[in-house]
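Have a look at the structure below before the remarks.
Printed below as a string of structure tokens:
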């Protein structure tokens with residue numbers, strides 16, 4: 648007869664050997680269960696400790712941001728004529744929203760009193776200058792900022808020409824703007840209003 652080398656050969660009684668193997672498996676199952684419960688507790692405690700107030704605040708800020716960024720929130724009647732997918736996203740000029748009443752669409756089109764200004768876009772030098780005047784702090788653009796953003800061949804005359812042409816183009820669109828030279832260092836937008844006929 649062959650000699651057995653497995654675990655069953657160490658114990659003279661087969662029933663005792665099976666009982667020991669079963670006890671070992673039960674112990675392994677118990678340890679696996681304890682580890683599983685430990686892991687489950689870690690996951691649950693991490694979820695419960697998550698700052699839900701911050702998550703709620705960020706959701707509310709996102710909702711408010713989306714409401715401000717879409718034109719149909721500003722003009723709900725647009726939904727009657729255009730599907731939601733075709734409505735343009737807008738950028739609201741916040742500093743003097745009530746004074747200037749201008750917005751800039753993401754396509755670079757200026758709107759004045761919700762009417763498009765087709766003569767000027769943000770792609771032109773005049774449009775970039777107007778965008779800077781509308782979006783910079785206190786509606787002020789220094790000469791250095793102007794020259795950094797807009798290429799001109801003659802620095803001393805270029806700024807004046809662009810300012811003059813911007814006023815001329817807006818006048819053609821029926822808008823009068825007041826742009827004042829401030830201390831020979833920059834320009835400030837004072838007002839934008841509809842021309843009286």
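In this note's numbering, the protein residues as written are 648 to 844.
Here a beta-carbon is modelled for each residue, glycine too, at the ideal position from N, C-alpha and C.
Presumed contact (8 Å Cβ cut-off) between residue i and residue j, rounded CB distance
{"i": "residue 759", "j": "residue 751", "result": "Between residue 751 and residue 759 the Cβ distance is about 11 Å, and since that is not below 8 Å, they are no contact."}
{"i": "residue 632", "j": "residue 832", "result": "Since the first residue shown for the chain is 648 and the last is 844, residue 632 is missing from the structure and cannot be characterised."}
{"i": "residue 775", "j": "residue 782", "result": "Rounded, the Cβ-Cβ distance is 11 Å, inconsistent with contact."}
{"i": "residue 836", "j": "residue 780", "result": "4 Å"}
{"i": "residue 815", "j": "residue 826", "result": "That pair is no contact at about 12 Å."}
Beta-carbon proximity check, residue i vs residue j, cutoff 9 Å
{"i": "residue 829", "j": "residue 839", "result": "no"}
{"i": "residue 764", "j": "residue 809", "result": "no"}
{"i": "residue 747", "j": "residue 786", "result": "yes"}
{"i": "residue 819", "j": "residue 766", "result": "yes"}
Per DSSP, the bridge partner or partners of residue i
{"i": "residue 762", "result": "759"}
{"i": "residue 788", "result": "834"}
{"i": "residue 825", "result": "838"}
{"i": "residue 749", "result": "759"}
{"i": "residue 768", "result": "756"}
Option nearest residue i by Cα separation, candidates the options
{"i": "residue 798", "options": "772, 820, 698, 677", "result": "772"}
{"i": "residue 817", "options": "841, 684, 708, 803", "result": "841"}
{"i": "residue 807", "options": "792, 673, 834, 689", "result": "834"}
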